[in-house]
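In the UniProt record's numbering, the protein residues as written are 1 to 977.
Written out as structure tokens, the structure is:
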């Protein structure tokens with residue numbers, strides 16, 4: 001076939017208008033600049049997080065500076081300890097950003113999938129946004145530490161110190177950013193961050209000097225960014241002209257040690273003394289920073305973690321019959337029965353007939369006002385609801401509608417008793433009797449817009465949990481199980497009944513939300529935007545299920561925004577609000593909404609509803625809540641309704657018996673108990689839920705067991721043949737006990753934060769519904785941790801204890817018990833912070849702040865002898881000190897009979913076989929003759945005879961953490977409505 005020649009004009013147009021669309025609309029640098037600005041804006045708007053980080057930086061700078069105030073440069077352990085503690089603080093403070101990074105990653109996945117920007121633009125933009133906070137933190141923290149601790153008063157040395165700290169801070173923040181790109185979720189990222197800090201700190205050259213690090217692990221020392229900081233900063237200090245002298249403090253270092261004062265003290269910790277380490281350190285940190293940026297970009301581009309897949313606990317049963325397709329329920333016909341707007345016999349839905357386990361209830365409200373403080377003038381009130389009247393009857397589906405900001409959800413929260421702030425005026429009735437808060441909460445179910453559930457439960461378990469805890473204890477268990485099956489039938493959930501909630505689709509989650517409330521057998525069911533975020537078919541499925549629930553005789557009240565016509569036709573009754581919280585229409589909708597349409601069309605100036613237009617869309621446009629404009633917007637629909645026949649009919653209906661006046665046919669809704677179930681039932685189901693949560697969250701538990709295994713092996717290999725009778729070996733040993741235990745506990749602490757943060761939302765929802773007493777929730781969260789902590793610490797002790805050369809089976813058992821208590825205390829502390837603070841980001845920052853203070857005064861660095869008098873009270877009360885003291889003395893200070901010092905021979909005699917009895921060798925000239933036990937007791941004030949009293953203090957600290965956690969659970973509620 002011969003091709004016809006193309007017209008030049010057509011070819012020109014094709015090249016001009018049909019070129020391929022570029023992958024990204026904007027260029028690389030434009031996207032990078034935009035992303036930097038966006039991330040800075042987002043960071044600045046998170047006021048609580050920013051304020052907590054600023055407070056943490058200032059407080060810790062002052063505490064570190066005052067603790068190590070004007071430190072003696074000849075006490076090299078303390079001088080390097082200042083730098084080491086600063087590095088630890090930076091690690092913990094940057095680790096607190098992981099929840100922020102993880103949240104930003106989810107947004108990145110969506111926007112990168114839509115080609116909003118290049119991955120490299122995102123990474124570089126985010127890194128630029130992190131620079132100002134990093135520089136600010138180092139300027140504040142670093143300056144306070146530098147000048148208060150008495151570092152060399154030299155401007156050049158000061159700026160080099162700041163530059164190195166800023167670079168280290170940026171490297172650490174970028175490392176944790178890359179870590180969030182590697183890990184599938186927060187449950188793994190938080191413990192892994194603690195595991196990485198183990199390597200960063202142990203192989204930095206302070207806990208274990210380079211000379212003692214085995215050859216097969218020394219490579220970690222050379223790639224460790226903190227290690228380069230720990231080499232460069234001491235050189236910056238000790239090679240200054242002030243210390244580059246032979247004689248200092250009456251000692252001639254050149255003649256005695258063949259090196260000047262600065263070189264001598266650097267050599268004590270194996271730090272090379274050449275000034276070239278300053279610039280090589282800075283260059284390494286810059287290169288490492290660039291490498292981490294590249295790694296982050298690669299991981300975000302090529303390794304994406306999407307939503308978790310569904311997990312089915314039981315094999316899906318093979319059904320004999322093919323399921324029929326979806327059929328939408330027909331609109332019910334309407335009647336004028338006294339307390340029902342629907343004739344149930346005419347509904348075209350096959351609903352199984354079951355015995356009713358609930359009492360039909362009519363809810364009504366008159367002259368409802370809701371006022372909150374005016375944000376622009378807190379002394380003045382702002383009315384969000386203005387004199388609202390309405391009602392909803394059994395067997396009907398009532399819609400609360402209006403524009404955004406009209407007060408739909410506000411009205412529902414008020415009548416459902418869920419408001420925690422503001423002032424409410426007016427009356428609410430149940431079956432014609434004025435209702436109290438307990439009656440409303442016990443008789444109603446509330447389906448929130450956000451589908452919040454315990455993620456590790458199955459659908460069936462979630463329904464069973466609600467049925468057993470929210471139905472009265474007098475109801476037989478068999479009927480409660482029947483309720484669960486009824487919910488599965490009504491909402492068509494049998495196929496997913498044994499599917500774990502985590503990873504379920506939005507439609508499945510919405511059905512579960514309705515089912516959980518339905519399982520409580522409420523008389524009234526409130527639903528807030530049940531179709532939000534769903535496509536048309538899913539919305540139809542959900543609302544069809546809601547229609548079935550109403551047809552069973554329950555009162556349903558539902559907020560909904562611009563539903564499809566099919567969904568809108570399912571409703572019987574409408575309460576329509578206008579912006580400002582005022583009524584525009586209250587009454588029956590009629591068949592295919594004809595009563596509503598006739599009412600609005602009868603108003604002069606309102607255009608008729610087009611034949612094929614959705615009445616819901618037309619209605620909202622008419623009252624000014626839609627997108628169109630027209631003369632109808634000038635009409636005062638509130639005033640028109642107040643003078644209308646429709647309003648008179650509503651008032652008449654409200655006055656009928658069983659609505660706002662008592663009637664013998666409609667019993668008063670009363671409850672004698674605050675909660676439906678017994679305390680033992682609540683505890684049983686909460687224990688069952690939390691043990692299932694832990695078992696079905698391998699990302700949390702397997703990760704922390706793997707971390708424990710890794711810490712044990714790495715520490716064991718690092719200290720495989722260390723001589724603890726030498727000064728450096730003993731200091732490393734004490735640091736080993738401190739650091740290994742600390743980071744096991746920190747891994748548990750970091751892992752606990754996301755687990756309980758996720759569950760807290762479900763706790764607040766269930767507490768609002770009076771599902772259980774917070775005491776039993778507290779007991780369950782206390783008990784569930786114990787077997788896992790004991791198991792992981794046993795694994796750690798079995799590997800770690802013999803590898804590092806510690807001896808004695810009885811001592812090993814004690815070591816396991818005390819490590820377990822230390823870790824358990826940190827887990828409970830994490831729970832306390834989650835309950836006490838409004839978000840996981842703030843809890844992580846406050847955890848970093850408080851733990852930094854705890855660890856500073858745990859007695860390791862600074863040791864007890866160097867703690868200022870003004871901070872002795874902190875040293876006395878810090879719980880970690882008691883645990884570290886016990887663990888240290890049982891392995892290093894067991895010496896039943898101490899050796900005697902022979903002054904004439906300058907040596908010890910009658911030396912026992914225990915490690916604590918051995919003389920300390922290779923000590924600096926500032927340390928006189930002593931034994932291993934004597935050095936620890938004199939330097940750290942860890943006394944062997946205090947081990948049992950310290951044991952009691954540890955228990956007391958754990959008890960205090962649990963009491964504070966219980967108080968937080970009981971009295972703090974972070975859900976503001």
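We put the beta carbon where it would ideally sit given N, CA and C, even for glycine.
- Shown here, residue 378 sits in a strand according to DSSP, grouped into three states.
- The Cβ-Cβ distance between residue 74 and residue 926 falls below 8 Å.
- Residue state for residue 893 is assigned as coil, using DSSP reduced to three classes.
- Straight through space, the alpha carbons of residue 26 and residue 551 are spaced by roughly 54 Å.
- A distance below 8 Å between beta-carbons, with the five flanking residues on each side excluded, links residue 582 to the following residues of its chain, in chain order: 386, 387, 388, 638.
- Comparing alpha carbon positions, the residue from 712, 679, 778 closest to residue 792 is 712.
- Taking 8 Å as the upper bound for CB-CB distance, residue 370 and residue 424 are in contact here, some 6 Å apart.
- Using a Cβ-Cβ distance cut-off of 8 Å, the segment 390-408 and the segment 563-583 are in contact, since at least three pairs of beta carbons, one from each stretch, lie closer than that value.
- If you draw a straight line from the Cα of residue 486 to the Cα of residue 453, it comes to about 20 Å.
- A distance below 8 Å separates the beta carbons of residue 361 and residue 431.
- If you draw a straight line from the Cα of residue 545 to the Cα of residue 469, it is about 23 Å long.
- A residue is called buried when at least 16 other Cβ atoms come within 10 angstroms of its Cβ; residue 536 does not meet this threshold and is exposed.
- The C-beta distance from residue 958 to residue 824 rounds to 7 Å, short enough to meet the 8 Å contact threshold.
- Residue burial is scored here from C-beta neighbours: residue 51 has fewer than 16 other C-beta atoms within 10 angstroms and is therefore classed as exposed.
- Just so you know, the alpha carbons of residue 523 and residue 116 end up roughly 48 Å apart.
- When rounded, the separation of the alpha-carbon atoms in residue 268 and residue 728 is 8 Å.
- Taking one beta carbon from each stretch, the segment 239-246 and the segment 188-205 have fewer than 3 pairs nearer than 8 Å; the two do not touch.
- Residue pairing by DSSP places residue 247 opposite 252 in a beta bridge.
- When Cβ pairs closer than 8 Å are counted between the two stretches, the segment 65-81 is seen to touch the segment 135-154, the count reaching three or more.
- Note: residue 427 is bridge-paired with 366 in the DSSP secondary-structure output.
- Within the segment 53-135, the complete alpha helix (DSSP H) runs of at least 4 residues fall at 76-95, 98-113.
- For residue 237 and residue 114, the gap between their C-alpha atoms comes out near 51 Å.
- If you draw a straight line from the Cα of residue 61 to the Cα of residue 158, it is about 16 Å long.
- Look at the segment 706-771 and you find these whole runs of alpha helix (DSSP H), each 4 residues long or longer: 727-768.
- Burial state of residue 845 is buried, judged by a 10 Å Cβ sphere holding 16 or more other Cβ atoms.
- Taking the C-beta atoms as reference points, residue 100 is found no nearer than 8 Å to residue 285.
- Counting only runs of 4+ residues, the alpha helix (DSSP H) found wholly inside the segment 903-957 occupies 932-940, in chain order.
- A Cβ-Cβ separation of about 6 Å places residue 174 in contact with residue 293 under the 8 Å criterion.
- Scanning its chain for C-beta atoms nearer than 6 Å, with the 5 sequence neighbours on each side dropped, one finds around residue 687 the residues 780, in chain order.
- Nearest C-alpha to residue 871 among 359, 702, 123, 69: 69.
- Residue 785 is classed as buried because its beta carbon has at least 16 other beta carbons within 10 Å across all chains shown.
- Residue environment for residue 450: exposed (fewer than 16 other C-beta atoms within 10 angstroms of its C-beta).
- Non-local beta-carbon contacts of residue 227 in its own chain, meaning distances under 7 Å to residues more than five positions away in sequence, involve 203, 204, 205, 221 in chain order.
- Of all alpha-carbon atoms in 53, 83, 48, the one lying nearest the alpha-carbon of residue 65 is that of 83.
- Beyond the five residues adjoining it in sequence on each side, residue 440 comes within less than 6 Å, by CB distance, of 417 in the same chain, given in chain order.
- Shortest Cα-Cα distance from residue 917 to any of 924, 905, 944 involves 944.
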